[in-house]
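Novice:
Numbering (mature numbering (1 follows the signal peptide of the UniProt record, and there is no 0)), first residue to last: -21 to -1, 1 to 130.
(1) Which residues in the same chain have their Cβ closer than 6 Å to the Cβ of residue 81, if we skip the five residues on either side of it in sequence?
(2) Looking at the secondary structure, which residues open and close the beta strand (DSSP E) in which residue 38 lies?
(3) Is residue 55 buried or exposed, if buried means 16 or more other CB atoms sit within 10 Å of its CB?
(4) What's the gap between the Cα of residue 126 and the Cα of residue 109?
(5) Between the alpha carbons of residue 104 and residue 46, how many angstroms are there, rounded?
(6) How should residue 74 be labelled, buried or exposed, when 16 other C-beta atoms within 10 angstroms of its C-beta is the threshold for buried?
(7) Tell me the start and end of each unbroken beta strand (DSSP E) in the stretch 38 to 114 that is at least 3 residues and wholly inside, in chain order.
(8) Just to confirm before moving on: does the CB-CB distance between residue 63 and residue 37 stay below 9 Å?
(9) Round the Cβ separation of residue 53 and residue 66 to the nearest angstrom and send it over; I've been treating them as touching at under 8 Å.
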């Protein structure tokens, strides 16, 4: 009896270790993707000095800027109209999707809200933005806890 309890405890501890390792891997991979996000400008800058027109029309998320002197991103449309870049605290931010600069620099969304098209939106109960921005539930179906539920 004691032997089978010991085996069961060992199996459970191994299972928990594997699940924790997988969770950590998933979390780290999501963070890395977010840091590499790039904004492709809808209208490339007129005065570009890069050898490539494409390189001149791409701004990486968090690129340093200065609103008064070296302003690369104030009011620039990006990613086919889904982004609008502004220089917020010396970094380029998409005010249509940044939770810390939603609609304008410095406007933070509350807990449980995401910045959807420049507006702080409760994604747990909004049928047009259920669980994430632009995820619409079928007509007549409610959004409950971030998932489209039953009518």
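Idealized CB from N, CA, C, for every residue including glycine.
Specialist: Quick look at the numbers:
(1) 88, 94, 99
(2) Here the beta strand (DSSP E) through residue 38 covers 37 to 39.
(3) buried
(4) 6 Å
(5) 37 Å
(6) buried
(7) 55 to 57, 62 to 67, 70 to 73, 92 to 95, 98 to 101
(8) no
(9) 5 Å
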